[in-house]
Each structure stands twice: as structure tokens, then as C-alpha cells.
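If you count by the numbering used here, then the sequence shown holds residues 17 to 203, one letter each, in order.
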Amino acid sequence: MRAQPADPDYEDDWGGDEPAVPSKTRRKREMHQLQALGEALVALPAERLARVPLPEELREAVQDARRFSSHGAHRRQLQYIGRLMRTVEAEPIRAALEGFAHQSAREAAAHQRLERLRARLLENDDALHDIKTQWPHADLQHLRTLARNARKEAAAAKPPRAARELFRQLRALADAAPAPEEDANDE
Numbered sequence: 017m018r019a020q021p022a023d024p025d026y027e028d029d030w031g032g033d034e035p036a037v038p039s040k041t042r043r044k045r046e047m048h049q050l051q052a053l054g055e056a057l058v059a060l061p062a063e064r065l066a067r068v069p070l071p072e073e074l075r076e077a078v079q080d081a082r083r084f085s086s087h088g089a090h091r092r093q094l095q096y097i098g099r100l101m102r103t104v105e106a107e108p109i110r111a112a113l114e115g116f117a118h119q120s121a122r123e124a125a126a127h128q129r130l131e132r133l134r135a136r137l138l139e140n141d142d143a144l145h146d147i148k149t150q151w152p153h154a155d156l157q158h159l160r161t162l163a164r165n166a167r168k169e170a171a172a173a174k175p176p177r178a179a180r181e182l183f184r185q186l187r188a189l190a191d192a193a194p195a196p197e198e199d200a201n202d203e
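Right under this line is the structure:
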């Protein structure tokens, strides 16, 4: 009776001197992962795609896939990208995509912090003290005026023009001089 190999994804040719060959299941799984990686490349915005280290042929194939509108042509192009992915080192590409994911998470967290700060500012002017400690160069009078106008708009059920402008001002402050990651008063 034949002993089971340690890894079920490898086939053993009856214990010969040759190394174990990946099973068909494992090869298919790896091909599908590479094709999914190619699909992620196609979905990237152009400015992020430009920062991913890709061979020229693969970069052109990804750009071609973006312009195909026919479902069949797009699917075939994704399969072609999957085939090209088998010839390149996938780890730098995976690392770049993971970096983009982490960057997006940081941007979302920063956006939520600014939203909470704006909400506190719309409740009362006490949040201006926190803004002054985080961004000493902030124009508090302008922020106070925007907050007061936003409260008036909300009370009159008008569109939130001042509230949007207040958020833009807070984001401009954060972009100019980022605040610490976690603020104790933000909780």
C-alpha cells in the first residue's frame, strides 16, 4: 500500500529520486490566483497602476483589458493576463497591491477622524480648542463662522454647503500638517 504524501497538493511518483511535482489541483489554484491578481491590476486606477512594477508586455495587456467593452473580449484578455502572470515574479506585484490596500485603509481612517471632528464642531465650538492644539496655524474665526453657518443651514433644512466647506477646510489643514494618528479627545 502506498503511503500518503505529507502535502496532498503534491503527487509522488512512487518514491523515486525525482522531486515531488505539484498536483494538477495545486497548479490550477495557483493559475486562478494569478488571474485574480491580473484582474486586480485591471481594476486599479491609472496612477496606481503606473507605480506597480510590471513588464511592458503585461502592462500593455492590462491597458488593453481596460478598453475592451465586450464581455467575451474582456474575459479572454483577463485569461491572457493570467498566462502572462505565470512568467513574471508575482510577489512584488502582490506587495504593491497590499500597500495600496493599507494606504486606502489609512485614508479612510483619516477621513473618519475628520468627519468626527466636524460633527463635534457642529455640535458646539468647544472642538475649536482641539483644532488649535492640533493645527496651531488654523484660522479659527473662519472655522467658527463656517460651523455657525452650517448650524443655521441645518436648522433651516437647507443644503449643507457650509458643512461641506467646513470639511474641506479641515481636510486642507490635515493635508498641510497631519495630526497625530489617534487623538484622545476623538473617542
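Positions of the beta carbon are idealized from the N, C-alpha and C atoms, including for glycine.
query                                                                                                                                                  : result
Tell me the rounded alpha-carbon separation between Arg42 and Val68.                                                                                   : 27 Å
Reducing DSSP to helix, strand and coil, say where Glu55 ends up.                                                                                      : helix
Should Gln93 be labelled buried (16 or more other beta-carbon atoms within 10 Å of its own) or exposed?                                                : buried
Would DSSP call Asp80 helix, strand or coil?                                                                                                           : helix
Can you give the Cα-Cα distance for Val214 and Arg45, rounded to whole angstroms?                                                                      : Residue 214 is absent from the model: the chain starts at 17 and stops at 203.
Can the beta-carbon of Ala81 be found less than 7 Å from the beta-carbon of Val58?                                                                     : yes
Who are the near neighbours of Ala154 in its chain, counting only those whose CB is closer than 7 Å to its CB and skipping five residues on each side? : Ile147, Lys148, Leu189
Pro61: buried (16+ other C-beta within 10 angstroms of its C-beta) or exposed?                                                                         : exposed
Checking 7 Å against the spacing of the C-beta atoms, do Ala77 and Leu53 come in under that value?                                                     : no
By the DSSP assignment, the alpha helix (DSSP H) with Ser85 in it spans what residues?                                                                 : Segment: none, Ser85 is in no alpha helix (DSSP H) and carries neither H nor E.
Going by DSSP, what residue range makes up the alpha helix (DSSP H) through Asn165?                                                                    : 156-171
Measure from the alpha carbon of Asp141 to the alpha carbon of each residue in Gln128, Gln157, Phe116, then state which is nearest.                    : Gln157
Measuring straight from C-alpha to C-alpha, what distance separates Arg110 and Leu162?                                                                 : 44 Å
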